[in-house]
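For what it's worth, my numbering labels the leading residue of the sequence shown as 13, then goes sequentially. Note that CB positions come from ideal geometry on N, CA and C, so glycine has one too.
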Amino acid sequence: MITAYIDGGARGNPGPAGYGVRIEGPNGTLLAELHGGLGIATNNIAEYNGLLAALRHAVEHGHRIVHIKADSELLVKQMRGEYRVKNEGLKPLFLEAIGLIRKIGDVTFEHVRREFNKEADRLSNLGMDEAEQMIARR
13 MITAYIDGGA RGNPGPAGYG VRIEGPNGTL LAELHGGLGI ATNNIAEYNG
63 LLAALRHAVE HGHRIVHIKA DSELLVKQMR GEYRVKNEGL KPLFLEAIGL
113 IRKIGDVTFE HVRREFNKEA DRLSNLGMDE AEQMIARR
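Here you go:
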């Protein structure tokens, strides 16, 4: 089993956006840190990109049991089926996540308070920095 702490954010909403993911093994050992800039996007799109990065990593590395921890209550409740995905921009990201979950097998979601997601937040800020640099080069 792996645990993926995921986060995403935008400076402005929408604004320069990025995601961050910290993946840990069963005993809390660091397996991977992922981050990326997304250009201009919303906070929710950034959060979903963090989820997708974590799920892709799990598929690529053959992980069959994944526990996702996120501070986005919206994302967690949508992925658990407690909320419908109404936003048209989020629907394709949600559907891609469902497809990846089917490939993995066992994926659970837990909402955590922001203070318990500091490493993923740090990584998402690196992603937002990358997004700002991409925008400045245009």
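Per-residue burial, T41 [other beta carbons within 10 Å of its own, 16 or more giving buried]:
Here T41 is exposed, its C-beta having fewer than 16 other C-beta atoms within 10 Å.
Just to confirm the assignment: which complete beta strand (DSSP E) runs, minimum length 3, are found wholly within the region 65 to 113?
As far as the region 65 to 113 is concerned, its whole beta strand (DSSP E) runs of at least 3 residues are 77 to 82.
Determine the contact status of I147 and I35, defining contact as a CB-CB distance below 9 Å.
Their beta carbons are not under 9 Å apart, which means I147 does not touch I35 by this criterion.
Suppose contacts are defined by Cβ-Cβ distances below 9 Å. Is V160 in contact with A16 by that definition?
No statement about residue 160 is possible, as the shown extent of the chain runs from 13 to 150 and does not include it.
Taking the alpha-carbon of A82 as reference, which of I110, R114, E108, Y60 has the nearest alpha-carbon?
Of I110, R114, E108, Y60, the residue nearest in Cα terms is Y60.
Outcome for L67 when other beta-carbon atoms lying within 10 angstroms are tallied against a minimum of 16:
With 16 or more other Cβ atoms within 10 Å, it is buried.
Name the DSSP beta bridge partners of L46, please?
Answer is V33, bridged to L46.
According to DSSP, residues forming a beta bridge with V119
Per DSSP, V78.
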